[in-house]
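Colleague: Sending over a structure as structure tokens; questions will come in a sec.
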Amino acid sequence: MEQSQEKLEKEMETAGKHYSDEKLWNKLAKFAKKAGSSVVYAVLLLYFTLQKPEIPMKVKAVIIGALGYFILPVDLIPDFAVGIGYADDLGALGYALFQVAMYIDEDVKEKARAKLKDWFGDGVDTSDIDAKIN
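Numbered by UniProt numbering, the letters in the sequence shown go through residues 1 to 134 in order.
Here it is in structure tokens:
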């Protein structure tokens with residue numbers, strides 16, 4: 001586990017160099033439905049946490065790495081692979097969520113849920129991710 005965690009951290013650090021708000025929103029606009037509500041909710045939680053001015057630089061680096069990994073078209077499992085294409089993205093996003101959970105407050109969750117509602121409508125269940133970060 002330790003070696004795979006180190007590998008993931010290194011990949012996220014490299015991927016973070018590819019992060020930009022524009023690239024993130026473009027990827028979400030194109031692939032939100034395909035990625036699924038859990039992946040999109042994780043992305044939105046990280047994005048809105050990143051916007052908080054009091055977030056330490058180390059935490060911002062983790063978030064940018066995970067979001068950069070999500071943006072990259074080439075990763076461990078290609079995003080176009082049916083059924084599993086976003087599994088590695090969710091792994092990187094989940095790792096980042098765990099690392100920054102203490103900075104995710106109700107305001108961040110509400111912003112993420114509101115945006116999630118735009119893409120998926122009412123009734124999207126976020127309780128699984130919410131329970132993991134509380």
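Virtual Cβ for every residue (Gly too), placed ideally from N, Cα, C.
So, helix, strand or coil for E54, using DSSP?
Modeller: The residue given as residue 54 occupies position 54 in the sequence shown. In the structure shown, E54 sits in coil (DSSP, three-state: anything other than H, G, I, E or B).
Colleague: Among the residues of its own chain, which have a CB less than 6 Å from the CB of Y16, if the five just before and after it don't count?
Modeller: In the sequence shown, residue 16 corresponds to position 16, counting from 1. It is worth fixing the name first, because residue 16 is Gly in this sequence and not Tyr. Here the set comprises I64, G65, G68.
Colleague: Looking only at its chain, what residues have a beta carbon closer than 6 Å to the beta carbon of W119, apart from the 5 residues adjacent to it on each side?
Modeller: Along the sequence shown, one-based indexing puts residue 119 at 119. Excluding residues within five positions, the ones whose Cβ falls inside 6 Å are A32.
Colleague: For a test of the three-state rule: what should DSSP assign to G65, helix, strand or coil?
Modeller: Along the sequence shown, one-based indexing puts residue 65 at 65. Correct three-state label for G65: helix.
Colleague: Is T49 helix, strand or coil by DSSP?
Modeller: By 1-based counting over the sequence shown, the position of residue 49 is 49. If DSSP states are grouped into helix, strand and coil, T49 belongs with the helices.
Colleague: Is it the case that the Cβ atoms of Y47 and I129 are separated by a distance below 7 Å?
Modeller: If you number the sequence shown from 1, residue 47 lands on position 47. If you number the sequence shown from 1, residue 129 lands on position 129. Against a cut-off of 7 Å, the Cβ pair of I129 and Y47 comes out as no contact.
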